[in-house]
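Worksheet: one structure, shown below.
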Amino acid sequence: MTTAVTPSYKLAKNNENLNHIPGSFGLPIIGQTFQLVNDLYGTIDNQYKKFGSVSRFGLAGFRGALLIGPDLYKEVYLDKDKNFSAEMGYMGSLGRFYKGALLLRDHEEHKFQRRMMQTAFKNEAMKGYIGTMGPMIAESIVDWGDKGQLLFFPAIKQILLDVAARIFVGLDESDERAAKLNKAFLDISDGLMGIVTKELPGTKFRKGKIGERYLKEFFGSLIAERRAGDGTDTFSYFTREKTEDGDYFSDEDIIGHMSFLLFAAHDTTTSALSHMLYHLGQDQALQQRLRDEVMAIDKPYLEYEDLEKMPLMEVAVKEALRLHPSVMMMQRRTIKECELGGYKLPANTILFLAPQHNHRMEEYWDEPMKFDIDRWLAPRNEHKRHSFSFVGFGGGAHKCIGMHFALMQVKNFMHQFLRQYEFHLADNFSNKMQTVPLPKPVDDLPIVVRRISS
C-alpha cells in the first residue's frame with residue numbers, strides 16, 4: 019500500500035553513507051567527473067564490469083549510487099511506491115537555475131503541473147506549430163548549397179532556437195529579445211558546468227545566474243499581456259490555462275516551465291540531429307533511403323498528417339538517440355529506504371542513471387555500437403526486448419512531454435534538407451564526441467553540402 023509522501027524529504031541532506039555498496043566515489047569533490055567527461059561510456063562500463071549494476075559513484079560534488087540496466091531503470095522510472103524524487107535528484111545541478119521546471123516536480127505536484135502544459139502539445143496546437151515550422155526551416159537553409167562546407171551544429175542550433183522562439187514564445191527571429199534569450203541559455207549552460215557555485219565576479223555561475231534572472235524578468239513581464247490576448251504560441255497557452263478550481267496557474271509556475279522548456283526544446287533536438295547527420299554523412303545508401311521517403315511526400319511543407327508517413331526517419335533519430343542520448347546522466351534521490359539490485363539504499367541517496375550504457379548493452383541490442391536503423395523495424399524489433407532498454411525520452415511519469423514535438427522538428431528539417439541537398443562529412447571531420455554539458459561532435463560537425471539537380 020502506497021503511503022502519502024510529505025514534503026519533509028525536501029529538507030533532508032543527501033545521504034553519503036554507502037560503505038556497504040561496492041565502488042568508489044573517486045577524488046574529493048570532483049569524484050569521477052574528469053573520467054566521465056573524457057569517456058562517459060567507458061567510465062560507466064568499467065564501473066559495471068568491476069562492481070555490478072549498483073555501485074558507489076561520485077560526480078561533480080555529489081556522492082551516490084550508480085544504477086545500470088533496464089530492470090533498475092524500470093523500477094526507478096515507474097516509481098510505483100513514489101519513492102524517487104526528481105526534484106531532489108536534480109536540485110544541486112539543474113535546480114540551481116531551473117527550479118520549478120516540470121522535470122523538477124514530484125508525484126502529485128508533477129501530475130498537476132503537467133496538465134497545464136498538455137494543452138500546448140495536443141493535436142490542435144501541434145497542427146499550428148507545424149504550419150509555422152516548415153517555412154521557417156526552408157528559408158533558413160535556402161542558401162546552404164552555396165556554402166559548400168559548413169559547421170552543422172551551430173547552424174542547426176540557430177535554426178531551432180529561432181523556431182522555438184517563434185513557436186514557444188511568439189518572437190520573430192529579428193526581435194532582439196530572441197538573441198538575448200539565446201545568450202541567457204548559453205550562460206546558464208556554462209553556469210551548470212561551473213565548479214564555483216557562488217556568485218563571485220567573473221565566474222560561470224554568476225553569468226548563469228544573471229541569465230536566469232533575465233529569463234524570469236522576460237517571461238514575468240509578458241504574462242498579463244499574453245493572458246489577455248489570443249496568441250497560439252506555447253507561452254500564451256500556458257498563461258490562459260486554469261486549474262480545476264478555475265484559477266490561473268501562478269506566474270512563478272509559468273516562468274519555471276517556460277524557462278526550462280525553451281532550453282530543452284532546442285538544445286536536445288540540436289544534439290539529436292547533429293548525431294543523426296554524423297552517421298548519415300558516412301552512409302550514402304542510408305541517406306538515399308531516407309531521401310526516398312521524404313521525396314514520396316510531394317509537397318513543399320509537411321502537414322501534420324504527413325508525420326506518420328516517415329517511419330524510417332523516426333527510427334533513424336531514435337537510433338541516433340540510442341547511441342548518443344541528448345541527456346547523458348539522469349538523477350533521482352530516494353525518499354525512504356529501499357532495495358535496488360539487492361542492496362539497501364538509505365533515504366536521501368542520490369541515484370545516477372546513464373542512458374547511453376543502457377542503450378549499448380549486448381543483452382538487448384545486436385552489435386550495439388553499430389548505427390543500424392533496421393534494428394527498430396520488424397521482424398527484428400530489438401527495442402521490444404525490454405520496455406526500458408531504450409530511454410532516449412526518459413520514462414514513466416517524467417517521460418518527455420515534448421517528445422512528439424521533437425520528432426516533428428526532426429522530420430520537418432529532414433524533409434526540407436534531404437529534398438534539396440546531398441551531403442557528406444568533410445575530410446577533416448573528427449570521430450570524437452563531447453558528452454557534457456550537451457552531447458555533440460567536438461568539431462561541430464563540418465559537412466559538405468551539394469544541391470541536388472532538379
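Position 172 (the sequence shown) corresponds to 190 in the numbering used here; numbering is contiguous. All C-beta atoms in this analysis are idealised placements derived from N, C-alpha and C, irrespective of residue type, glycine included.
In whole angstroms, give me the CA-to-CA distance for residue i and residue j.
{"i": "Gln131", "j": "Arg340", "result": "29 Å"}
{"i": "Phe411", "j": "Gly220", "result": "35 Å"}
{"i": "Gln65", "j": "Gly188", "result": "46 Å"}
{"i": "Phe435", "j": "Ile159", "result": "7 Å"}
{"i": "Lys216", "j": "Gly110", "result": "13 Å"}
{"i": "Met379", "j": "Arg403", "result": "12 Å"}
{"i": "Gly79", "j": "Ile470", "result": "51 Å"}
{"i": "Ser42", "j": "Ile177", "result": "42 Å"}
{"i": "Met19", "j": "Thr51", "result": "Unreliable placement is indicated for Met19, whose pLDDT of 36 sits below 50; no coordinate value is reported for it."}
{"i": "Met348", "j": "Ile62", "result": "13 Å"}
{"i": "Gly152", "j": "Met426", "result": "10 Å"}
{"i": "Leu218", "j": "Leu210", "result": "15 Å"}
{"i": "Ser207", "j": "Gly226", "result": "7 Å"}
{"i": "Asp13", "j": "His342", "result": "Outside the displayed span of the chain (19 to 472) sits residue 13, for which this structure offers no information."}
{"i": "Arg309", "j": "Pro364", "result": "52 Å"}
{"i": "Phe242", "j": "Asp248", "result": "The amino acid at residue 242 is misidentified as Phe; the sequence shows Ala. Going by the C-alpha atoms only, they are around 12 Å apart."}
{"i": "Gly414", "j": "Glu93", "result": "10 Å"}
{"i": "Met451", "j": "Lys198", "result": "28 Å"}
{"i": "Leu90", "j": "Glu34", "result": "20 Å"}
{"i": "Glu194", "j": "Arg184", "result": "13 Å"}
{"i": "Arg350", "j": "Leu45", "result": "22 Å"}
Counting only the same chain and skipping the five closest in sequence on each side, list residues whose C-beta sits under 8 Å from that of residue i.
{"i": "Phe423", "result": "Phe139, Met144, Tyr147, Ala283"}
{"i": "Gln167", "result": "Ala444, Pro464, Ile465, Val466, Val467"}
{"i": "Leu295", "result": "Phe170, Phe441, Leu463, Ile465"}
{"i": "Gln136", "result": "Ile419"}
Who does residue i pair with in a DSSP beta bridge?
{"i": "Ser73", "result": "Leu84"}
{"i": "Glu357", "result": "Lys362"}
{"i": "Ser103", "result": "Arg351"}
{"i": "Phe467", "result": "The sequence given here places Val at residue 467; Phe does not occur at that position. Val467 pairs with Phe441."}
{"i": "Leu122", "result": "Leu122 is not bridged to any residue."}
{"i": "Asn33", "result": "Thr367"}
{"i": "Met451", "result": "Pro459"}
{"i": "Gln306", "result": "Paired residues: none, contrary to the question."}
{"i": "Ser158", "result": "Answer is none; Ser158 lacks a bridge partner."}
{"i": "Leu45", "result": "Gly49"}
{"i": "Gly412", "result": "Gly410"}
{"i": "Leu168", "result": "Ile465"}
For residue i, which residues of its own chain have a beta-carbon under 6 Å away from its beta-carbon, when the five flanking residues on both sides are left out?
{"i": "Arg468", "result": "Glu440"}
{"i": "His442", "result": "Gly299, Val466"}
{"i": "Phe281", "result": "Phe203"}
{"i": "Phe237", "result": "Ile273, Met276"}
{"i": "Tyr361", "result": "Ile39, Val72"}
{"i": "Arg393", "result": "Glu400"}
Alpha carbons only, please: which of the options is nearest the one belonging to residue i?
{"i": "His416", "options": "Val72, Arg133, Asp310", "result": "Arg133"}
{"i": "Thr261", "options": "Phe253, Asp271, Arg81", "result": "Asp271"}
{"i": "Phe389", "options": "Ala396, His377, Pro397", "result": "His377"}
{"i": "Leu54", "options": "Ile470, Lys458, Val454", "result": "Val454"}
{"i": "Arg307", "options": "Leu291, Leu425, Ala334", "result": "Ala334"}
{"i": "Lys317", "options": "Gln438, Arg195, Asn56", "result": "Gln438"}
{"i": "Phe267", "options": "Gly118, Gly49, Met313", "result": "Gly118"}
{"i": "Glu355", "options": "His293, Lys165, Asn101, Asp57", "result": "Asn101"}
{"i": "Leu120", "options": "Val312, Ile419, Pro364", "result": "Ile419"}
{"i": "Arg224", "options": "Asp205, Ala242, Ile241", "result": "Asp205"}
{"i": "Asp269", "options": "Gln374, Tyr27, Glu235, Gly212", "result": "Glu235"}
{"i": "Leu29", "options": "Leu58, Met106, Ala173, Gly76", "result": "Met106"}
{"i": "Arg114", "options": "Asp301, Lys222, Asp57", "result": "Lys222"}
{"i": "Asn366", "options": "Glu93, Gly44, Lys98, Ala104", "result": "Ala104"}
{"i": "Lys31", "options": "Thr352, Leu358, Thr288", "result": "Thr352"}
Cutting at 7 Å between CB atoms, please list the residues of its own chain near residue i, excluding the five before and the five after it.
{"i": "Ala202", "result": "Gly229, Tyr232, Leu233"}
{"i": "Lys429", "result": "Leu320, Leu325, Met328, Met331"}
{"i": "Asp461", "result": "Phe447, Ser448"}
{"i": "Arg244", "result": "Phe253, Ser254, Thr257"}
{"i": "Gly82", "result": "Phe75, Thr367, Ile368, Leu369, Phe370"}
Within the present structure, is the beta-carbon of residue i separated from the nearest heavy atom of the ligand SAM by less than 8 Å?
{"i": "Glu323", "result": "As presented, the structure is devoid of all ligands, the ligand SAM included, so that no description of it is given."}
Between residue i and chain D, is any beta-carbon pair separated by less than 9 Å?
{"i": "Asp124", "result": "Among the protein chains of the structure shown there is no chain D, as only one such chain exists."}
Counting only runs of 3+ residues fully inside the segment 330-407, write out the beta strand (DSSP E) ranges in chain order.
Fully contained in the segment 330-407 are the following beta strand (DSSP E) runs of length 3 or more, in chain order: 348-352, 356-358, 361-363, 368-371.
Please give me, in chain order, every unbroken run of the alpha helix (DSSP H) with length at least 4 that falls completely inside the segment 221-275.
222-246, 252-258
Which runs of the alpha helix (DSSP H) at least 4 residues long sit entirely within the segment 188-223? Give them in chain order.
194-210
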